[in-house]
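Asks: Chains as they are written, first to last, in the working numbering: chain A, 49 to 209; chain B, 4 to 280.
Where a beta carbon is used, it is the ideal one built from N, C-alpha and C, also for glycine.
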Amino acid sequence: MNTHVEAIEQAVWNGLQEVTDPEIPCISVVEMGMIHRVEVEGGDVQIEVTPTFIGCPAVKIIERSIVERVSAIPGVKRAQVKFVFEPTWTSDRISETGREKLRQFGITPPPRRPQDDWEITCPFCGSADTTLDNLFGPAACRSIAYCRTCKNPFEALKPIF
Amino acid sequence: MTGLQKVVDAGQAMANPAYKAALVELLYLLADDDFILGYRGSEWLGLAPHIEEDVSFSSISQDMMGHAVAFFDMLEALGEGKADDLAQLRQPEAFRNAILVERANGSGTYLENPQFDWAYTVVRFYLYSLFKQVRLESLANSSYLPLTQLARKMMPELKYHLHHWSVWMKQLATSTEEARKRLVAALQQAWSDLGDLFDLGPKAEEIVGHGLIEGSELLAQRWQERAKKSLEAYRLPWLGKPQPPELNGRAGQHTEELQQAVATLSEVYRLDPAANW
């Protein structure tokens, strides 16, 4: 790989760090684990994205944001998003930084591993004394929970494995 | 289905006309089931028993619509036309969904005097989700690689749907006498429409022959084993092996209820295909 291509590829990854889910703007698509691969060929860049949920209405907006952001990189002539289901997005693709950012935003991250129990701790006070009020929430990926310690309702990302 | 060579993408499928013809037929059936039942689910918005259920049910309907879109997109990639057109501009007789998913939720419409039947809805979504699980498990080994990947992606989402409807089944079954009575009546109603759910339509032989999915007898048998076990656990009656249907949706035979559904869901698109919100 020549240095020019490497430089563009690095710039693309950096740019993708600024692209967020419109419904969870605290975390980038990279931290969310949605970027599978970046391929640079000349000035053409293809970004392979693995969606969290198949019917997530945010994916079209994310696609547009990615194309806009990557197209603005010097040396990039054409940016294209390809949605892939292989690899399948799973909860363990969220990075540690991503998990922390979700918590700060008020969303409890999912378990790290498929075999882990789904313990929902409050993102505000850290209490484990919570109830799952609705397995389904305002978006496909989230559930609604309630903290009995600090009396706050909050959301939790559904485990997907 | 082992031993058959994997078809990796639309281009490769299109190079083999017999394979493509079978694949397309299967995809319509898969797309239409989720599309029409997802639509029936969306008609409940604002009418569900309580607000939390409105949230859950809408989320499930949205997932199902998303699954339908993914199948329609696959058809588009195979040269069948625009996904939106496939969903909204086909005549009802071109639909391949099962009769069970097209039935109205009850009398009235969501706008006028909706006397929708919650027990029937719970039963119908539960029985369908149970079958969808059986079907996806088979599709996860399909000879068409994009379908294999999509099925695997759908399975964890479906798990939440199935869980939701199981909870309702159990709650209604262990609730008051009236709830139970209504649930049993709903089971009988749904049962009379089960005949074509497992069917793979006029091209069944080709679909199975090309390793796209396993045969309908096998799928039906697996569904029956699971349905029987869970209904027993809810202490609900087993109504026997589903009988062959009077109408076969997989062959394009449908009720007036589907005609109405298609007319309603495509109304805006027919008026203005570029309409957006």
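For His166 (chain B), report the span of its beta strand (DSSP E) as first-last.
Replies: No beta strand (DSSP E) contains His166 (chain B), which is instead part of the alpha helix (DSSP H) from 148-176.
Asks: Say whether chain B places a C-beta atom closer than 9 Å to the C-beta of Asp140 (chain A).
Replies: Asp140 (chain A) has a beta carbon lying at 9 Å or more from every beta carbon in chain B.
Asks: For the segment 207-218 of chain B against the segment 158-167 of chain B, do three or more pairs of beta-carbon atoms, one drawn from each stretch, fall closer than 8 Å, so that the two count as touching?
Replies: no
Asks: Using the C-alpha atoms, what's the distance from Glu115 (chain B) back to Thr138 (chain A)?
Replies: Between the C-alpha atoms of Thr138 (chain A) and Glu115 (chain B) there is a straight-line separation of about 42 Å.
Asks: Checking the sheet assignment: what are the DSSP bridge partners for Val78 (chain A)?
Replies: According to DSSP, Val78 (chain A) bridges with nothing at all.
Asks: Beta strand (DSSP E) containing Tyr194 (chain A): first to last residue?
Replies: 190-195
Asks: On a CA-only basis, which of B:Leu32, B:Phe98, B:Gly49 is nearest Lys135 (chain B)? Give me that one, please.
Replies: B:Leu32
Asks: Ordered along the chain, which non-local residues of its own chain (more than five positions away) have a Cβ less than 6 Å from that of Ser284 (chain B)?
Replies: Past the edges of chain B, shown from 4 to 280, lies residue 284 (chain B), and the structure says nothing about it.
Asks: Residues in its own chain within less than 8 Å of Thr258 (chain B) by CB, not counting five upstream and five downstream?
Replies: Cβ-Cβ distances below 8 Å link Thr258 (chain B) to Ile102, Glu105, Arg106, Leu250 in the same chain, with the five nearest sequence neighbours on each side left out; the list follows chain order.
Asks: Using CA coordinates, which residue listed in A:Glu79, A:Glu66, A:Glu89 is at the minimum distance from Glu54 (chain A)?
Replies: For the residues A:Glu79, A:Glu66, A:Glu89, the minimum Cα distance to Glu54 (chain A) belongs to A:Glu89.
Asks: So is Thr5 (chain B) buried or exposed if we call it buried at 16+ other beta carbons inside 10 Å?
Replies: Unreliable placement is indicated for Thr5 (chain B), whose pLDDT of 49 sits below 50; no coordinate value is reported for it.
Asks: Please confirm whether Cys166 (chain A) has its beta-carbon closer than 9 Å to some beta-carbon of chain B.
Replies: Going by the sequence as given, residue 166 (chain A) is Trp instead of Cys. Not one chain B Cβ lies under 9 Å of Trp166 (chain A).
Asks: Does the beta carbon of His166 (chain B) sit closer than 9 Å to a beta carbon anywhere in chain A?
Replies: yes
Asks: Expressed to the nearest angstrom, what Euclidean distance is found between the alpha-carbon atoms of Lys173 (chain B) and Ala143 (chain B)?
Replies: 29 Å
Asks: So, helix, strand or coil for Ile109 (chain A), using DSSP?
Replies: helix
Asks: Using only the alpha-carbon positions, how far apart do Met158 (chain B) and Phe133 (chain A) sit?
Replies: 12 Å
Asks: I'd like the ranges of any alpha helix (DSSP H) spanning at least 4 consecutive residues and lying wholly in the segment 124-171 of chain A.
Replies: The segment 124-171 of chain A contains these whole alpha helix (DSSP H) runs: 144-153.
Asks: Report the residue from B:Leu133, B:Gln118, B:Lys162 whose alpha carbon sits nearest the alpha carbon of Ala51 (chain B).
Replies: Selected option, being the one with the closest Cα: B:Gln118.
Asks: To which residues does DSSP link Gln118 (chain B) through a beta bridge?
Replies: B:Ser110
Asks: Can you tell me where the beta strand (DSSP E) with Thr267 (chain B) in it begins and where it stops?
Replies: Not the beta strand (DSSP E): Thr267 (chain B) falls in the alpha helix (DSSP H), residues 259-268.
Asks: What do you get for Pro171 (chain A), buried or exposed, if any count of 16 or more other CB atoms within 10 angstroms of its CB means buried?
Replies: buried
Asks: What's the C-alpha gap between Ile109 (chain A) and Gln15 (chain B)?
Replies: 30 Å
Asks: I believe Arg253 (chain B) touches Gly198 (chain B) by the beta-carbon criterion, under 8 Å. Please report the beta-carbon distance rounded to the nearest angstrom.
Replies: The Cβ separation is near 10 Å, so there is no contact.
Asks: In three-state terms, what does DSSP make of Val10 (chain B)?
Replies: Three-state result, Val10 (chain B): strand.
Asks: Given a cut-off of 9 Å on the beta-carbon distance, is the pair Val77 (chain A) and Val86 (chain A) in contact?
Replies: no
Asks: Whole angstroms is fine: what's the gap from Gly44 (chain B)'s alpha carbon to Tyr113 (chain B)'s?
Replies: 11 Å
Asks: Quick one: does Gly14 (chain B) have its CB under 9 Å from some CB of chain A?
Replies: no
Asks: Less than 9 Å between the C-beta atoms of Phe74 (chain B) and Asp87 (chain B), yes or no?
Replies: no
Asks: Quick one: what does DSSP say Thr5 (chain B) is sitting in, helix, strand or coil?
Replies: With a pLDDT of 49 at Thr5 (chain B), under the threshold of 50, the predicted position of this residue should be treated as unreliable, and no value is reported.
Asks: Just the C-alpha distance for Trp171 (chain B) and Asp120 (chain B), rounded to the nearest angstrom, thanks.
Replies: Between the C-alpha atoms of Trp171 (chain B) and Asp120 (chain B) there is a straight-line separation of about 14 Å.
Asks: How big is the Cα-Cα spacing for Arg112 (chain A) and Phe202 (chain A)?
Replies: Taking C-alpha positions only, Arg112 (chain A) is separated from Phe202 (chain A) by approximately 29 Å.
Asks: Could you compute how far the alpha carbon of Ala278 (chain B) sits from the alpha carbon of Leu242 (chain B)?
Replies: Between Ala278 (chain B) and Leu242 (chain B), the C-alpha separation is close to 46 Å.
Asks: Quick check on Ala73 (chain B) - is its C-beta less than 9 Å from some C-beta in chain A?
Replies: yes
Asks: Could you check if Gln65 (chain B) is buried or exposed, using at least 16 other CB atoms within 10 Å of its CB as the buried criterion?
Replies: Gln65 (chain B) comes out buried.
Asks: Under a Cβ-count criterion, where at least 16 other Cβ atoms within 10 Å of its own Cβ denotes burial, should Thr179 (chain B) be classed as buried or exposed?
Replies: exposed
Asks: Going along the chain, which residues of its own chain have a beta-carbon closer than 7 Å to the beta-carbon of Gln65 (chain A), five neighbours each way excluded?
Replies: If we look at Gln65 (chain A) and ignore the five residues flanking it on each side, its Cβ neighbours are Ser76, Val78.
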